[in-house]
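Peer 1:
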Amino acid sequence: MAQPTKLEIYNGALAAANADLMATDSEDTATGNIVRALYPARYRAILDLAAWPWATTRAILSREAGSDTEYADRYALPATLIRLSGVNGNANWEQEGLKLHIDDNNGIVIKFVYEAPIENISGGAQLLLTTGLAIDLATAFLMDETMARRLTETYQLQLRIALSGIQSFIDMPTPTYDNTLTG
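Now the structure itself:
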């Protein structure tokens, strides 16, 4: 199965919103400009929903000097982090922005969701992205409240289906990654 391109996602959203399709993903039209402006925030929102296996990776963190919290150690989190889903072997930690506070000065390995290339997206997440973008278009660009409501109902159903498909990945306990604070 071919992986989606931004143009396919843009046009899927435009079709769902009954708007004119784009010929290229860089088309200089009002519609093209709106879709490109709405896309990044919607994509990040989809990524932030769950620990998607296709957008999850690991990183080894480097310890920073000092900590201004009740934890003894502080680590800088990757700038690409969207959602922290686990810290190697330690359930007692706290995230503040792009800082990880923890009582552990050994090499810290984290598991996190990052902004993966769109080509990696799963089918369920692609549907969410396309429908979410269509909702944004219906609301912000087309000003069609009825369509936005209909699309929102579709989105909610797609969300339940997509999250049920990865639920085993979310709930599966592992001895390496445990985070009881963010669930």
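The numbering of the sequence shown is the numbering used here, which starts it at 312 and goes up by one.
We put the beta carbon where it would ideally sit given N, CA and C, even for glycine.
Can you pull the DSSP bridge partners for A387?
Peer 2: For A387, which the question treats as bridged, DSSP gives the partners K410.
Peer 1: Ignore the nearest five residues each way along the sequence and tell me which others in T335's own chain have a CB closer than 7 Å to its CB.
Peer 2: L318.
Peer 1: Note the first and the last residue of the continuous beta strand (DSSP E) segment covering L372.
Peer 2: Here the beta strand (DSSP E) through L372 covers T367 to L372.
Peer 1: In whole angstroms, give me the CA-to-CA distance for I320 and M458.
Peer 2: Roughly 18 Å between the two C-alpha positions.
Peer 1: I need the boundaries of the beta strand (DSSP E) containing I345, first residue and last residue.
Peer 2: First-last for I345: A341 to L360, but that is the alpha helix (DSSP H), not the beta strand (DSSP E).
Peer 1: According to DSSP, is I477 helix, strand or coil?
Peer 2: In the structure shown, I477 sits in a helix (DSSP, three-state: H, G or I).
Peer 1: Skipping 5 residues on each side, what residues in its chain have a beta carbon closer than 8 Å to that of Y354?
Peer 2: Excluding residues within five positions, the ones whose Cβ falls inside 8 Å are E426, I429 and L440.
Peer 1: For G435 versus G476, is the C-beta spacing smaller than 8 Å?
Peer 2: It is a contact, given that the beta carbons lie within the stated cut-off.
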